[in-house]
Structures are given as C-alpha cells and as structure tokens.
Ligand SMILES: NC(=O)c1ccc[n+]([C@@H]2O[C@H](COP(=O)([O-])OP(=O)(O)OC[C@H]3O[C@@H](n4cnc5c(N)ncnc54)[C@H](OP(=O)(O)O)[C@@H]3O)[C@@H](O)[C@H]2O)c1
C-alpha cells in the first residue's frame, strides 16, 4: 500500500528499460519500494534495468515480456502479474518511441507503428491495468505523456498526436476511476536529454530523466493529477497553445 506520505511499496513499469522509468525506480526503491516489476521487450536493456533495481536495494525484481503492440496478450500479462504479486501500488507507463518524422511522414506503416506503440497499444494495456487497480481499490497509474501532445508541431506531429491521444485517454480514464481509490497522474516532460533524443539539439528547458523522476516522486506524494517537467513548461505551453496558427506553423524542428 502507498503510505500516508505517498511512498509506494511496489511498482510495475510498462517499458521497463526506459531511462525515465529506471530513474523513477531508482528514486522509489530507497524510499521503501521493495518490489519492482519491469515489463518490456526481452533483451539486454531490460536485464540491465533489473540489475540496477536490485543494486538500488529492491528485494524482489521481476522481468516480464511485454510488447505494447501485442494487444491480444495485454490482459493475460497484466492479470498474471497481479495474481503473482497481489497488490501493485504504482504502475508507470513508460513505453514509447519517438520515430523519425522525416521518414514516417512518407511511410504510413511506420507512422502507424509509432501511433500504435504510443497510443493504441498503451491504451489497451492501461485498461487491463485499470481493471485490476479498480478491483484492488487503490493505486496510482503514472503515464509518461509529453508536452509534444499539447499542440502538434509540423516537425513531429506523428509522435505529438500519439501523445495527445494517450494524454486525453489518461484524463478520461482518471475521471472514470474517480471514487475507486485509484488515481491517474499524467507526466508531461519537455525535451529529456537521453537515449530517445540522442544526437538531437536540446530544446529550450531541456531536462534529464532524474529531474523527471523527481517530479514524479513529488507528484505521487502530493496526489497531483498532472505534472510538468520542468514545471515552467506548464506556463510555457499555456501560452504556446494560444499562438496564432500562422506563428505556430513556423516553429522550428
Ligand atoms: N526522452 C524524451 O525527451 C521524452 C520527452 C517526453 C516524454 N517522453 C516519454 O517518456 C517515456 C519514456 O521515454 P525515455 O526517455 O525513457 O526513452 P527510452 O529510454 O527510449 O524508453 C522508451 C521505452 O519504450 C520501450 N518500448 C518501445 N517500443 C515498445 C514496445 N513496442 N513495447 C514495449 N516497450 C516498448 C523501450 O523498450 P526497448 O528497450 O525494448 O526499446 C524503452 O523501454 C516515453 O513514453 C517517451 O515518449 C520522453
């Protein structure tokens, strides 16, 4: 159970090898979170994440095969995990792909794969998770959205629209869970310097996986519904959304 000051004892990360996911785990484990379940595509990155969680002090670390695009398996995977571990306090939805808009824009299959991974697939997995959390009567669903979903830019509208979908879905799901004891927290980071953005010029207000993890831990403690990382982006994007279309269209890549 999450204690009175918002510290969970167990966490499941969908996209277990994610850098941001790992940074969140690294902050939760020393603060009493002793059970870590990393669900992701099998491979060295997932194993390394499991090793890091164990080194951080987790008592139980489990990896499980999870592919966001393998929608038919989501309910089975999620049900099995909740049956194996009993209560799970926090579920972090960290899977995602950036894609390459310059290629994806001319390759409908590739574009659809970005959208399926970031939106449709995660929506499916989140419904399976929400059913289990609702049944256990408590828990937090932490969803890694993005400020890219606040207003789609021509330079990354495929990724941006997938995040808009995920974000809207999470807001609605959070409302449908009101009164169940389960809360959804949407996390909207800006540009995070790391693996996903490797080789890219950092955008203004660029942040780090550790800073995003700090915002998540703080948000869990305060019961926030939406957090921005860094927090100033809340106000930056409040203004960005009001810019005339002709100005927005000229936003650089
Ligand atoms: N980095 C940023 O600038 C930034 C900014 C805002 C929001 N975000 C969001 O934050 C989340 C975490 O990103 P990150 O920075 O931690 O990037 P990351 O290290 O590249 O993590 C992405 C994760 O998604 C997993 N993944 C990709 N496709 C998958 C699939 N089909 N099934 C299951 N897992 C899949 C990857 O697994 P594999 O190891 O198997 O590839 C990896 O664990 C993402 O949703 C991202 O969109 C990131």
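Residue numbers (the numbering used here): 714 to 966.
Even glycine gets a Cβ: it sits at the ideal position worked out from N, Cα and C.
Is there at least one non-hydrogen atom of ligand 1 closer than 6 Å to the beta-carbon of residue 758? yes
Any chance the CB of residue 880 is under 6 Å from a heavy atom of ligand 1? no
Is any heavy atom of ligand 1 found at a distance shorter than 6 Å from the C-beta of residue 838? no
Please report the distance separating the alpha-carbon of residue 938 from that of residue 798. 26 Å
How about residue 733 and residue 812: do their beta carbons lie closer than 7 Å? no
Proximal residues to residue 923 (C-beta, below 6 Å), its chain only, five neighbours per side dropped: In its chain, beyond the 5 residues on either side, 736 have a beta carbon closer than 6 Å to the beta carbon of residue 923.
Mind checking whether the beta-carbon of residue 863 lies closer than 6 Å to any heavy atom of ligand 1? no
Span of the beta strand (DSSP E) holding residue 942? Start and end: 939-942.
Whose CA, out of 964, 752 and 834, lies closest to the CA of residue 790? Here the closest residue by C-alpha is 752.
Rounded to a whole number of angstroms, what is the C-alpha to C-alpha distance between residue 958 and residue 869? 16 Å
Rounded to the nearest angstrom, what separates residue 890 and residue 905 at their Cα positions? 30 Å
Comparing the CB of residue 754 with every heavy atom of ligand 1, is any distance shorter than 6 Å? Yes.
Beta-carbon within less than 8 Å of residue 915's beta-carbon, same chain only, minus the 5 sequence neighbours each way: which residues are those? 904 and 906
Simplified DSSP state of residue 794, which is helix, strand or coil: helix
Taking 6 Å as the cut-off, is the beta-carbon of residue 875 closer than that to any non-hydrogen atom of ligand 1? Residue 875 Cβ: outside cutoff for every heavy atom of ligand 1.
I want to know whether the stretch 772-784 touches the stretch 826-839 - three or more CB-CB distances under 8 Å. The stretch 772-784, when compared against the stretch 826-839, does touch it at the 8 Å Cβ threshold.
Got a sec? Which residues, its chain only, sit under 6 Å from residue 846 by beta carbon, not counting five neighbours each side? 852 and 895
Close beta carbons around residue 948, own chain, < 7 Å, minus the five adjacent residues each side: Nothing listed; no residue qualifies.
If I measure Cβ to Cβ from residue 954 and keep anything under 8 Å in the same chain, skipping five residues before and after, which residues do I get? 863 and 864, listed in sequence order.
For residue 741, is the beta carbon positioned less than 6 Å from some heavy atom of ligand 1? no
Do three or more CB pairs link the stretch 873-893 to the stretch 837-845 at distances below 8 Å? yes
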